[in-house]
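*Asks:*
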Amino acid sequence: MADDDVREGRDPAPAVTRSIRLLGLLAEADAPRTLTELASALGLAKSSTANLCLALEAGGMIERSARGYRLGLRTAELGGAFAAQFNQVREFYAVCEASPVLASELVQVAMLDGTDALYLARHEGSRTMRLGTPLGSRLPAALSATGRALLMSMPDAEVEALLGSDVAFPALTERSVTGLPALLEALAAGRARGWTIDGEESFRGIIGVAVPLDGWSPADPQLALGVAIPAADAAYERIERVGRALQDAARALTNPFSAAARA
Numbered sequence: 005m006a007d008d009d010v011r012e013g014r015d016p017a018p019a020v021t022r023s024i025r026l027l028g029l030l031a032e033a034d035a036p037r038t039l040t041e042l043a044s045a046l047g048l049a050k051s052s053t054a055n056l057c058l059a060l061e062a063g064g065m066i067e068r069s070a071r072g073y074r075l076g077l078r079t080a081e082l083g084g085a086f087a088a089q090f091n092q093v094r095e096f097y098a099v100c101e102a103s104p105v106l107a108s109e110l111v112q113v114a115m116l117d118g119t120d121a122l123y124l125a126r127h128e129g130s131r132t133m134r135l136g137t138p139l140g141s142r143l144p145a146a147l148s149a150t151g152r153a154l155l156m157s158m159p160d161a162e163v164e165a166l167l168g169s170d171v172a173f174p175a176l177t178e179r180s181v182t183g184l185p186a187l188l189e190a191l192a193a194g195r196a197r198g199w200t201i202d203g204e205e206s207f208r209g210i211i212g213v214a215v216p217l218d219g220w221s222p223a224d225p226q227l228a229l230g231v232a233i234p235a236a237d238a239a240y241e242r243i244e245r246v247g248r249a250l251q252d253a254a255r256a257l258t259n260p261f262s263a264a265a266r267a
């Protein structure tokens, strides 16, 4: 029966689909959403939406506050479990702490999700300033250093197929590249240099430096390691020092028996 539903285009588990949509709405929201807002966005009756919320709340996936519903702690646990499935993420923190350069830096791990860089892990470093992108958030891969590190591992033709030849990137700052030719130039420079740079293109006042990190096993996704540096402190010497330290970290986190390690 389930196979028939799929073939005929029917949703075999509508309650699950609606729950996923509800979680997505809360993930995208800047503040808690009321039951009325959720019901309207889902196109459901308030009673049906309330039943979904009760089930998700019982499972810890969402929680209720005075202002409405928001994501629950269970979603953070699942996100952490997802990230921990990759060997490199488990070892990432120890490698950062052991690095004389990265121990004091904010270092992040990201993976490619569609055309975005999705942030999975974060080493805070010993500096007092807190920068970077929150875990679970995403940035356009074309504009962020980690995203570019992921893209630079692909041939230009594959990048064009993914993003589109006539794509127009969002102008997150006045420095953001807006088209594919400028991005391909940045990727070529990154390949030649060994690391990619985001020169205040995703956040004003922040310079990003990143390198690609091949998956530990063939089934693992391509990852990237990146550091966020305040633009005022981003002298060329520091950028180069961080870039080389990221390369060292990527080598330490690469499976010694993989093709990437033998290259």
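Using our numbering, you'd call the opening residue of the sequence shown number 5 and step up by one each time. Glycine is no exception: its CB is placed at the ideal position from the N, C-alpha and C atoms. All values derive from a computational prediction rather than experimental measurement.
For Asp160, name the three-state secondary structure that DSSP assigns.
*Replies:* For the purposes of this step, residue 160 is taken as residue 156 along the sequence shown, with counting starting at 1. Here Asp160 sits in helix by DSSP.
*Asks:* Should Glu32 be flagged as near chain C, meaning a C-beta pair shorter than 9 Å?
*Replies:* Given the protein chain composition of this structure (a single chain), no chain C is represented.
*Asks:* Pick out the complete alpha helix (DSSP H) segments inside the stretch 11-71, 4 residues or longer, and give them in chain order.
*Replies:* Listed in chain order, the complete alpha helix (DSSP H) runs (minimum 4 residues) inside the stretch 11-71 are 18-32, 39-46, 50-62.
*Asks:* Around the C-beta of Pro216, are 16 or more other C-beta atoms found within 10 angstroms, so that it is buried, or is it exposed?
*Replies:* Here residue 216 refers to the residue found at position 212 of the sequence shown. Burial call: buried.
*Asks:* Taking Val163 as the reference, which of Thr177, Leu116, Leu58 has the closest Cα?
*Replies:* Locating residue 163 in the sequence shown gives position 159, counting from the first residue. Per the Cα distances, Leu116.
*Asks:* Answer yes or no: do Pro225 and Leu176 have a C-beta to C-beta separation smaller than 9 Å?
*Replies:* Locating residue 225 in the sequence shown gives position 221, where the first residue counts as 1. Locating residue 176 in the sequence shown gives position 172, where the first residue counts as 1. No, the pair does not count as a contact, with Cβ atoms beyond the cut-off.
*Asks:* Who are the Cβ neighbours of Ser169 in its own chain at under 7 Å, not counting the five residues just before and after it?
*Replies:* Position 165 of the sequence shown, counted from the first residue, corresponds to residue 169. Excluding positions up to five away in sequence, the list reads Leu184.
*Asks:* In this structure, does DSSP put Leu250 in helix, strand or coil?
*Replies:* What you label residue 250 is simply residue 246 of the sequence shown in a count that begins at 1. Here Leu250 sits in helix by DSSP.
*Asks:* Just the Cα atoms here: how many angstroms apart are Ser199 and Tyr73?
*Replies:* Taking the first residue of the sequence shown as position 1, residue 199 is located at position 195. Taking the first residue of the sequence shown as position 1, residue 73 is located at position 69. Residue identity check: residue 199 is Trp in the sequence provided, not Ser. About 41 Å.
*Asks:* Using the C-alpha atoms, what's the distance from Ala31 back to Ala75?
*Replies:* The residue you call residue 75 lines up with position 71 of the sequence shown. The residue you call residue 31 lines up with position 27 of the sequence shown. Looking at the sequence provided, one finds Leu at residue 75 rather than Ala. Their Cα atoms are separated by approximately 7 Å.
*Asks:* If the criterion is Cβ atoms closer than 9 Å, does the pair Ala62 and Leu39 meet it?
*Replies:* Within the sequence shown, numbered from 1, the residue matching residue 62 stands at position 58. Within the sequence shown, numbered from 1, the residue matching residue 39 stands at position 35. No, the pair does not count as a contact, with Cβ atoms beyond the cut-off.
*Asks:* State the Cα-Cα distance for the pair Arg195 and Ser44, rounded to the nearest angstrom.
*Replies:* Counting from 1 along the sequence shown, the entry for residue 195 is found at position 191. Counting from 1 along the sequence shown, the entry for residue 44 is found at position 40. Going by the C-alpha atoms only, they are around 47 Å apart.
*Asks:* Take the Cβ of Leu82 as the centre, count every other Cβ of all protein chains shown within 10 Å, and call the residue buried at 16 or more, exposed below.
*Replies:* The count along the sequence shown starts at 1 and reaches residue 82 at position 78. Leu82 is exposed by the Cβ-count criterion.
*Asks:* Across which residues does DSSP place Tyr123 in a beta bridge pair?
*Replies:* Within the sequence shown, residue 123 is the residue found at index 119, counting from 1. The partner list for Tyr123 (beta bridge, DSSP) reads Ala114.
*Asks:* Identify whether Thr258 lies in helix, strand or coil by the three-state DSSP scheme.
*Replies:* The count along the sequence shown starts at 1 and reaches residue 258 at position 254. In this structure, Thr258 counts as coil in the three-state DSSP scheme.
*Asks:* Beta-carbon within less than 8 Å of Ser103's beta-carbon, same chain only, minus the 5 sequence neighbours each way: which residues are those?
*Replies:* The sequence position of residue 103 within the sequence shown is 99, counting from 1. Excluding residues within five positions, the ones whose Cβ falls inside 8 Å are Ala249, Asp252, Ala253.
*Asks:* Taking DSSP as the reference, what is the three-state secondary structure of Asp202?
*Replies:* Taking the first residue of the sequence shown as 1, we reach residue 202 at position 198. If DSSP states are grouped into helix, strand and coil, Asp202 belongs with the strands.
*Asks:* Between which residues of its own chain and Val231 is the CB-CB distance below 6 Å, once the five residues before and five after are set aside?
*Replies:* Position 227 of the sequence shown, counted from the start, is the residue given in the question as residue 231. Answer for Val231: Glu109, Val111, Val213, Val246, listed in chain order.
*Asks:* Could you give the distance in angstroms between the alpha-carbon of Thr258 and the alpha-carbon of Ile210?
*Replies:* For the purposes of this step, residue 258 is taken as the residue at position 254 of the sequence shown. For the purposes of this step, residue 210 is taken as the residue at position 206 of the sequence shown. So the alpha carbons of these two residues sit roughly 28 Å apart.
*Asks:* So, is Ala236 buried or exposed, given that buried needs 16 or more other C-beta atoms within 10 angstroms?
*Replies:* Within the sequence shown, the letter at position 232 stands for residue 236. Result: exposed.
*Asks:* Our contact map puts Ala121 next to Ser148 with C-beta atoms below 8 Å; I'd like the distance itself, whole angstroms only.
*Replies:* As a working mapping, residue 121 is identified with position 117 in the sequence shown. As a working mapping, residue 148 is identified with position 144 in the sequence shown. With a Cβ gap of about 5 Å, Ala121 and Ser148 count as contacting.
*Asks:* Does DSSP classify Leu147 as helix, strand or coil?
*Replies:* As a first step, residue 147 is located in the sequence shown; it is residue number 143 there, counting from the start. Coil.
*Asks:* From Ala190 to Leu124, what distance separates their C-alpha atoms?
*Replies:* Stepping through the sequence shown from its first residue, residue 190 is reached at position 186. Stepping through the sequence shown from its first residue, residue 124 is reached at position 120. Roughly 24 Å between the two C-alpha positions.
*Asks:* So what does Ile211 bridge to, in DSSP terms?
*Replies:* For the purposes of this step, residue 211 is taken as residue 207 along the sequence shown, with counting starting at 1. According to DSSP, which records beta bridges pairwise, Ile211 is partnered with Gly203, Ile233.
*Asks:* Where does Leu227 sit, in a helix, a strand or coil, going by DSSP?
*Replies:* Counted from its first residue, the sequence shown places residue 227 at position 223. Three-state DSSP puts Leu227 in a strand.
*Asks:* Thinking just about the alpha-carbon of each residue, which of Thr119, Leu166, Ala153, Arg197 is nearest to the one in Arg142?
*Replies:* As a first step, residue 142 must be located in the sequence shown, where it is residue number 138. It is Thr119.
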